[in-house]
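Residues 14 to 335, numbered by this note's numbering, are exactly what the sequence shown covers, in order. Backbone N, C-alpha and C define an ideal beta-carbon position, used for all residues, glycine too. Predicted model only: the values in this text are computed from it and were never measured. Remarks on the structure that follows.
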Amino acid sequence: MMKSPNFPTQIISPIEDNDVEKWSIGLPKARFWDAMDITQWEGYWFGPGLLKPALTFRSSFQARDDDVILASTMKTGTTWLKSLSLCILKNHDDCKHDMLATENPHFHVPTIESALFSAKPLHFDIYDASGPRLLHTHLPYVVLPDSVKESDCKVVYLARNPKDTLISMWHFFNSFLRPDQKPFPLEKAVDCFCSGLHQYGPFSDHVAEYWLESQRRPDKILFVKYEEMKSDPKGQVSRIAEFLGRPFGEEGQVDDVLWRCSLERLKNLEVNKKGSILLNVPNTSFFRKGEVGDWKNYLTSEMEDRINQTIGLKLEVLGLIL
Numbered sequence: 014m015m016k017s018p019n020f021p022t023q024i025i026s027p028i029e030d031n032d033v034e035k036w037s038i039g040l041p042k043a044r045f046w047d048a049m050d051i052t053q054w055e056g057y058w059f060g061p062g063l064l065k066p067a068l069t070f071r072s073s074f075q076a077r078d079d080d081v082i083l084a085s086t087m088k089t090g091t092t093w094l095k096s097l098s099l100c101i102l103k104n105h106d107d108c109k110h111d112m113l114a115t116e117n118p119h120f121h122v123p124t125i126e127s128a129l130f131s132a133k134p135l136h137f138d139i140y141d142a143s144g145p146r147l148l149h150t151h152l153p154y155v156v157l158p159d160s161v162k163e164s165d166c167k168v169v170y171l172a173r174n175p176k177d178t179l180i181s182m183w184h185f186f187n188s189f190l191r192p193d194q195k196p197f198p199l200e201k202a203v204d205c206f207c208s209g210l211h212q213y214g215p216f217s218d219h220v221a222e223y224w225l226e227s228q229r230r231p232d233k234i235l236f237v238k239y240e241e242m243k244s245d246p247k248g249q250v251s252r253i254a255e256f257l258g259r260p261f262g263e264e265g266q267v268d269d270v271l272w273r274c275s276l277e278r279l280k281n282l283e284v285n286k287k288g289s290i291l292l293n294v295p296n297t298s299f300f301r302k303g304e305v306g307d308w309k310n311y312l313t314s315e316m317e318d319r320i321n322q323t324i325g326l327k328l329e330v331l332g333l334i335l
């Protein structure tokens, strides 16, 4: 994988927009779905406006040992993971205050590099290290700050079958990039996905980095599969709670958290049925089906084979099957 030149953060601080623009001139560029320009950095593709916050995070974030960082590539169940982790860490022993009923999960657990696109001010400063933080990122492991990698903060990574990820991504981007147009041709979306030409792509590299690191440091990174979350929700949520040092005291607590965070409940909460927590992205776009195997309703056998051959095989070589 070709690496990009490092941004001179030791010279330019704070990072300014024009500095990023000058630095990124020589980076590879591409067009995503005929809708937006993306830039390649450290072997991965980033959408408009994401390079500056990613660089700021990498150079400025000071992790605490009791921070929790949730990580995932796009459309792998991030909203569910945020909701579950929030309940485990913040709402675990207090059933009187239902945080998920007051704000969208993405407000409570901001995605670090897209926080500047929040439609309303966040309720805390993600760079304030005076207390433990629960945060999320779509960034690949290679660009995480050294303080995250070297501290004792916990990382929970959620992965999903690439075919379901693609279909969820296809619906998601169509919902706001092409709201008044026909959906982007699925066969072209498959081409972009398999070639890695999409936001935070390539998918296989993103997953592989976190998988390999979780095998090397299982006490540091918990690798969770979306499909196992669906087939064994109690077991997997209990596993996450144990990893985060907040084990459930009784089975009823697990059931309560699963109910609070269920897709059916979240999508029917008033706070998620209207408005936008991220600029130009309807809240409803975060709650579609969440089904395992939904790809079978969309992909042809040829599309399936191509994804299996380009992405599936690469992960299987590492001992990972999604």
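Item: Sequence-distant residues of its chain with Cβ nearer than 7 Å to valine 267 (five each side left out); Value: Lys247, Val250, Ser251 and Phe261
Item: Element boundaries [beta strand (DSSP E), containing leucine 171]; Value: 167-172
Item: Span separating the alpha-carbon of alanine 76 from that of arginine 146; Value: 9 Å
Item: C-alpha gap between proline 336 and methionine 49, whole angstroms; Value: Past the boundaries of the shown model lies residue 336; the chain is included only from 14 to 335, so the question cannot be answered.
Item: Methionine 49, enclosing alpha helix (DSSP H) - first and last residue; Value: Per DSSP, methionine 49 belongs to no alpha helix (DSSP H); it is in the beta strand (DSSP E), 49-54.
Item: Close beta carbons around asparagine 285, own chain, < 8 Å, minus the five adjacent residues each side; Value: Asn117, Leu279, Asn296, Thr297, Phe299 and Phe300
Item: Distance between glutamine 212 and phenylalanine 59 (C-alpha atoms, nearest Å); Value: 5 Å
Item: Boundaries of the beta strand (DSSP E) in which tryptophan 308 is found, first to last residue; Value: No beta strand (DSSP E) holds tryptophan 308; DSSP gives it neither H nor E.
Item: Local conformation of serine 98 per DSSP, three classes; Value: helix
Item: Environment of proline 21 [buried if 16+ CB atoms lie within 10 Å]; Value: In this prediction, proline 21 scores a pLDDT of 42, lower than 50, which makes its location untrustworthy; the coordinate-derived value is nonetheless stated afterwards. So proline 21 ends up on the exposed side.
Item: Whole-number beta carbon distance between aspartate 307 and aspartate 177, since they are thought to touch under 8 Å; Value: 6 Å
Item: Proximal residues to leucine 326 (C-beta, below 6 Å), its chain only, five neighbours per side dropped; Value: none
Item: Exposure label - lysine 315; buried when at least 16 CB within 10 Å; Value: According to the sequence provided, residue 315 is glutamate. The question's lysine does not apply to it. Looking at its Cβ environment, which holds fewer than 16 other Cβ atoms inside 10 Å, glutamate 315 is exposed.
Item: Supposed contact pair alanine 67 and valine 156 - C-beta distance, whole angstroms, cut 8 Å; Value: 6 Å
Item: Spatial distance of lysine 103 from proline 175 (CA atoms); Value: 31 Å
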